[in-house]
Structure formats: structure tokens, C-alpha cells
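Student: Protein chains in written order, with my numbering: chain Z, 26 to 248; chain C, 133 to 425.
C-beta atoms are modelled at their ideal positions from N, C-alpha and C, and glycine is treated no differently.
(1) Let me know the secondary structure DSSP gives residue 228 of chain C once reduced to three states.
(2) Across which residues does DSSP place residue 360 of chain C in a beta bridge pair?
(3) Within the 8 Å Cβ cut-off, does residue 175 of chain C reach chain Z?
(4) I want to see whether chain C comes within less than 8 Å of residue 223 of chain Z, judged by CB atoms only; does it?
(5) Is any beta-carbon of chain Z found at less than 8 Å from that of residue 242 of chain C?
(6) Run through chain Z and tell me which residues come within less than 9 Å of residue 310 of chain C, C-beta to C-beta.
(7) According to DSSP, is residue 325 of chain C helix, strand or coil?
(8) Quick one, which residues of the stretch 162–190 of chain Z are near chain C if we go by CB-CB under 8 Å, in chain order?
(9) According to DSSP, is residue 138 of chain Z part of a helix, a strand, or is it coil?
(10) Can you tell me whether residue 241 of chain Z is helix, strand or coil according to DSSP?
(11) Kindly indicate if chain Z contains any beta-carbon less than 8 Å away from that of residue 366 of chain C.
(12) Are the C-beta atoms of residue 204 of chain Z and some chain C residue less than 8 Å apart?
(13) Keeping to the same chain, check which residues put their C-beta closer than 6 Å to that of residue 168 of chain Z; ignore five residues upstream and five downstream.
(14) Along the chain, which unbroken stretches of the alpha helix (DSSP H) at least 4 residues long are found entirely within the stretch 146–183 of chain C?
(15) Looking at C-beta atoms only, is the number of pairs between the stretch 33–48 of chain Z and the stretch 73–84 of chain Z that lie closer than 8 Å three or more?
(16) If you follow the alpha helix (DSSP H) that residue 397 of chain C is part of, which residue opens it and which one closes it?
(17) Could you compute how far the alpha carbon of residue 404 of chain C sits from the alpha carbon of residue 322 of chain C?
(18) Report the residue from C:195, C:400, C:199 whose alpha carbon sits nearest the alpha carbon of residue 224 of chain C.
(19) So within the stretch 149–199 of chain Z, which uninterrupted beta strand (DSSP E) runs reach at least 3 residues, ignoring any that extend past its ends?
(20) Short of 6 Å in beta carbon distance, which residues of its chain neighbour residue 148 of chain C, apart from the five on each side in sequence? Order them along the chain.
(21) What residues of chain Z sit near residue 254 of chain C, judged by a beta carbon separation below 8 Å?
(22) How about residue 204 of chain Z and residue 177 of chain Z: do their beta carbons lie closer than 8 Å?
(23) Apart from the five residues just before and just after residue 156 of chain C, which ones in its own chain have a Cβ nearer than 8 Å to its Cβ?
(24) Could you give the DSSP three-state label for residue 194 of chain C: helix, strand or coil?
(25) If I measure Cβ to Cβ from residue 32 of chain Z and keep anything under 7 Å in the same chain, skipping five residues before and after, which residues do I get?
(26) Starting from the N-terminal side, write out each stretch of the alpha helix (DSSP H) that is 4 residues or longer and does not extend beyond the stretch 238–326 of chain C.
(27) Please look up how many angstroms separate the CB atoms of residue 300 of chain C and residue 331 of chain C, rounded, as I've assumed it's under 8 Å.
(28) Taking any Cβ of chain Z, which residues in the stretch 155–182 of chain C have a Cβ under 8 Å from it, in chain order?
(29) Apart from the five residues just before and just after residue 235 of chain C, which ones in its own chain have a Cβ nearer than 6 Å to its Cβ?
(30) Label residue 354 of chain C either buried or exposed according to how many other C-beta atoms from any shown protein chain fall within 10 Å of its C-beta, with 16 as the threshold for buried.
(31) Can you check whether the C-beta of residue 268 of chain C is within less than 8 Å of a C-beta belonging to chain Z?
(32) Tell me which same chain residues have a C-beta within less than 8 Å of the C-beta of residue 82 of chain Z, skipping the five on either side of it?
(33) Quick one: any contact between the stretch 305–316 of chain C and the stretch 335–348 of chain C, if contact means 3 or more CB pairs under 8 Å?
(34) Whole angstroms are fine: how far does the CA of residue 147 of chain Z sit from the CA of residue 112 of chain Z?
(35) Which whole-angstrom value is the C-beta distance of residue 90 of chain Z and residue 150 of chain Z, which I expect to be below 8 Å?
(36) Output needed for residue 174 of chain Z: all residues of its chain with C-beta closer than 7 Å, excluding positions within five of it in sequence on either side, in chain order.
Take a look at the structure:
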């Protein structure tokens, strides 16, 4: 999921100083799991804005904030409240914010969160980054553990000289990705694969921004 | 060039290390080059070591060439993408540099520009493959070069890494990627190093043992605690302690010289790489004590 973090409230208020009436849009997917865009977060922000003398005309948690057409449909019920506002606040990720930007071409839209990374939830609201959406998955060559993401240098062929007792030179809190890969491949009896394969330099053009995909295009051709 | 020929002919080589200055004042670097050039077979010029921004390695190499010294260009993958690396390699070759040491490079978080974007477009194993490709007249993308390089390419290895096996697997990949020689991370335990050499001798590469001069017991403890892959045995720390503050450096020079002598006399490896780290002036004395001058 996309991990988000609430912006510092003071910074947010600085961004919003020229506006008075707000409509809040959350998201029932990632931002709800992060606690940044669920009903409770909307309630909290409504109270905080009110305490600052601002007005909140309404709020809503769409099912999937990055789904443009679905969100558009859901928001139809809030036409009046949305018309009244002079600013829309989006409490999900950067994708959700830009859904609102597309749906409301005449209104200012501001994010209340910072979007951090694609994360796994390991415990309740505890996240870590394991995939960086590089566009060319090499997990098949690395025992299913991603060094592009979990090694700060993104090394593809083994640990660097900075590894110390299984930890990374960048921080003792970071386990060395390549020691983890080595241990897993050893356990799976695949060490020989690690030994003989030189993983080629990554094709970063696969991650050339901005990326688009039309998944149905291929299906049509196959039909 | 002499370094390669000497190494390939099986002679024991000595290399040392010079860090280019932080600034444009090259007086001290020139002093070190002049001091070392007739006493060692080649001088490594570091590439923004510890991710601290300095003059580039190539400028150091060029100045060394002008003064009749043989340089080894250290090249890390931290600051340049594959275009920059290849371009600099071609430029270095045109300027007369023939030896290159391919390394990944310390992370920017270790240095003095922590906000910098680390590059690592490629890494050490892939950089070795790039050099091999340039030597064969092709760039990394397979395009023909107008004039190939003829680099003598090396890499680094940490014989005391813990756990060791993943480091050894990477060593093997570096050999396969074309590394001809290795300069190791600092070693202090010769018996343990012999074990590593027993393994490394299975590969057709030359091994140059890295030696960092100990200045005091405190420095030895610092290396043990904070520098990955360096283990100074307790008996050496005791020896430095016993020497007392005033004689500690002298003892450190003795230890270094003793190790060089043993590595050479017992033909344990193919040479030594002395990392004096600010004590380049002492290198001739170490070599003298080791019986190499």
C-alpha cells in the first residue's frame, strides 16, 4: 500500500491561510490503514480546523481515492457542500490528491499528507519499504528479497565492504539486504544460483516517468 | 606499465595511497607523490573517499603521471551514472592512466554532503564488466569505440568480512567480471589472512594485501568498533599499549613493516597496499624497516 504521513499541522495551516471553507476527502484504502484518511482522521481534522476558526462544509471517505471515475460518482452526493467550499483538502496520497485536481478544475486542492513509499504493514500502522516499483522485477534472481529497495545502494550482486556483522554501513538498524538474500538462498539450497549469476545493470528506462499502462489493450489484441 | 608487468611476472609489488586535497592547493599531494614515486610501484588516488567531497581522482592521477609516478585510478559508482563512468574512463585512458580500481563507494550518508543523491546506477561488479567491454572496443551499450582502452582493472575485497561467504561470492563475481588484481581491506591477522589466500589462490588473480598503519591503541580500537571488515587482534592492541604514548606510532610502523616482511618472505600474497591515512611521509620508513628499500 501507499504509506502516508500527516503533514505538520502548522505547515498545513500556513498553506491554507488564504482559505476559509473546506471539504475533506479521505480514502478507504491505504490512507485508512495508515490512519491518515479514514473517518476518524476526517473528524480530527474537522475539529482542528474549526478550532482555528475555519469552516468545514463536509467530508467523505471514497472507496478508492485513486480511482478517478469511481470517486467522481461517489462525490456526486456532495455536490452542494463541494460548491460551497473555497478549498478541497485531500487526506490520502498524491494520487488521491490528483484525482481531486482532475475532478475539480476550478477549485484549489491541497494535500494534508506527505506520500512516503510503497509499504508492507508488519504490525498495526507499522510499515516498511520492500518494493520501489522500479519497473523490472528481479526478485526471481534474489531469493525474493529486493536489494533495489532494501539495500541503500541498490546493489545487485552481493554485499559491499560496508556490511558489518550482517548490518548496513548506513545504519546498524538496517539489516544488510545481501546477507538476508544469502541466508535465504542458502536455506533454499540456491546458493549456487547466487554464485554463478552476475545480475546485469538495471534497465532504468523501464521506470521512465511518467508511466502509463492500459491493461485492456493487450487483452483486446489477444482476443 | 611497470605495475602490471611486475605483478604479472610474479614480483612482489608495493602500492600506496594518496587522497587528493579538499581544495585546489596541490602542494602537499605533489610532495607525497614525489616522496613515494621511486619507492612504490603505483599510487592509488582515492575517489572522494568516505563520501567526503575532494578533488577528483583523475586529476591526482594526471599530476602523478606528469611527475613520473604510476597511478591507480580509484573509481566508485556513487557519484556517476554509466554514462559518466564510461566517459571518465575514456578520458582517463587518453590522459595516460592505465590502472583502474573499481569499487562501489561509501554511501553519501558517511560523508560531508549527506543531502546528495547517491547514484549507484551500476555497481562494482558491473563496473568491472564495463571496463572489460571498453578494453574490447565496445561501450556498455554495445556501440563500437573509436579506439579501445587497455586498462589493467582491479577490485577490492574484505577478507575479514563477517559473515564471510557472501563477500567471497562477490569476490568470485568480480573475478568473473574481469578483475585482474585485488587490493584488500586492511588486514592485521596474518594467520587468518593465510586462510583467505588459500581460498583466493584458486582464482587467476593477484592479491595485494591492504595495510593501514596503526598510530595508537585507541586507533586500533576505533577501527575494530567503527570500520566494517577490519579486525585488529588483541595482541597488537596490547603491543601498542605497552609501547606507551610516545612510542606507539613507532610500534605501529614496526607492526606494519613486520607484516610486510612476513607477507613477502613467506610469499603469502602478491604485494602490499599501504594506506597511511595522513602519514604518507612515514611510508618510506616503513618500507625501509621491512627491508624493501
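Tutor: From the atom records:
(1) The residue given as residue 228 of chain C occupies position 96 in the second chain. Residue 228 of chain C: coil per DSSP, three-state reduction.
(2) The residue you call residue 360 of chain C lines up with position 228 of the second chain. Note: residue 360 of chain C sits in no beta bridge, so no partner.
(3) Counting from 1 along the second chain, the entry for residue 175 of chain C is found at position 43. Taking Cβ atoms only, chain Z never reaches closer than 8 Å to residue 175 of chain C, which makes this a no.
(4) Translated into positions along the first chain, residue 223 of chain Z becomes position 198. Answer yes: the Cβ-Cβ gap between residue 223 of chain Z and chain C drops below 8 Å somewhere.
(5) Residue 242 of chain C sits at position 110 when you count from the first residue of the second chain. Interface residue, yes.
(6) Taking the second chain and counting its residues from 1, the one referred to as residue 310 of chain C is at position 178. Correct list: empty, because the minimum Cβ distance to chain Z is about 11 Å.
(7) Within the second chain, residue 325 of chain C is the residue found at index 193, counting from 1. Residue state, collapsed to three classes: helix.
(8) 177, 178, 179, 180, 181, 182, 183, 184, 185, 186, 187, 188, 189, 190
(9) Residue numbering aside, residue 138 of chain Z sits at position 113 when the first chain is read from its first letter. It is a strand residue.
(10) Indexing the first chain from 1 puts residue 241 of chain Z at position 216. Correct three-state label for residue 241 of chain Z: helix.
(11) To locate residue 366 of chain C, count along the second chain from 1; it is residue 234. No, its Cβ sits nowhere closer than 8 Å to a Cβ of chain Z.
(12) Within the first chain, residue 204 of chain Z is the residue found at index 179, counting from 1. Yes, residue 204 of chain Z lies at the interface with chain C (some Cβ there is under 8 Å from its Cβ).
(13) Taking the first residue of the first chain as 1, we reach residue 168 of chain Z at position 143. Once the five neighbours on either side are set aside, the close Cβ partners of residue 168 of chain Z are 206, 209, 210.
(14) 159–168
(15) yes
(16) Along the second chain, read from residue 1 onward, the residue named residue 397 of chain C stands at position 265. Looking at the DSSP string, the run of the alpha helix (DSSP H) that includes residue 397 of chain C is 366–397.
(17) By 1-based counting over the second chain, the position of residue 404 of chain C is 272. By 1-based counting over the second chain, the position of residue 322 of chain C is 190. Residue 404 of chain C and residue 322 of chain C: Cα-Cα distance of roughly 12 Å.
(18) Residue 224 of chain C sits at position 92 when you count from the first residue of the second chain. Among C:195, C:400, C:199, the Cα nearest to that of residue 224 of chain C belongs to C:195.
(19) 151–154
(20) Taking the second chain and counting its residues from 1, the one referred to as residue 148 of chain C is at position 16. Here the set comprises 168, 172, 175, 406, 415.
(21) Sequence index remark: in the second chain, residue 254 of chain C carries index 122 (1-based). In chain order: 226.
(22) Residue 204 of chain Z sits at position 179 when you count from the first residue of the first chain. Residue 177 of chain Z sits at position 152 when you count from the first residue of the first chain. No, these two residues do not count as a Cβ contact at 8 Å.
(23) Here residue 156 of chain C corresponds to residue number 24 of the second chain, with the count starting at 1. Closer than 8 Å at Cβ, skipping near neighbours: 187.
(24) Residue mapping note: residue 194 of chain C aligns to position 62 of the second chain, counting from 1. Residue 194 of chain C falls in the helix class under three-state DSSP.
(25) Start at 1 with the first residue of the first chain, and residue 32 of chain Z comes out as number 7. So the list reads 137, 138, 139, once near-sequence residues are dropped.
(26) 256–267, 297–308
(27) Working through the second chain from its first residue, we reach residue 300 of chain C at position 168. Working through the second chain from its first residue, we reach residue 331 of chain C at position 199. Contact holds; Cβ gap of about 7 Å.
(28) none
(29) Within the second chain, numbered from 1, the residue matching residue 235 of chain C stands at position 103. Correct list, in chain order: 208, 256, 288.
(30) Position 222 of the second chain, counted from the start, is the residue given in the question as residue 354 of chain C. Residue 354 of chain C comes out exposed.
(31) The residue labelled residue 268 of chain C in the question sits at position 136 within the second chain. Not one chain Z Cβ lies under 8 Å of residue 268 of chain C.
(32) If you number the first chain from 1, residue 82 of chain Z lands on position 57. For residue 82 of chain Z, where only same-chain residues beyond five positions count, the Cβ hits under 8 Å are 46, 47, 48, 106, 107, 109, 110.
(33) yes
(34) The residue you call residue 112 of chain Z lines up with position 87 of the first chain. The residue you call residue 147 of chain Z lines up with position 122 of the first chain. Computed Cα separation, rounded: 35 Å.
(35) Locating residue 90 of chain Z in the first chain gives position 65, where the first residue counts as 1. Locating residue 150 of chain Z in the first chain gives position 125, where the first residue counts as 1. That belief does not hold up - the Cβ atoms of residue 90 of chain Z and residue 150 of chain Z are roughly 18 Å apart, past 8 Å.
(36) Within the first chain, numbered from 1, the residue matching residue 174 of chain Z stands at position 149. Excluding sequence neighbours, residue 174 of chain Z sits near 154, 155, 156, 157.
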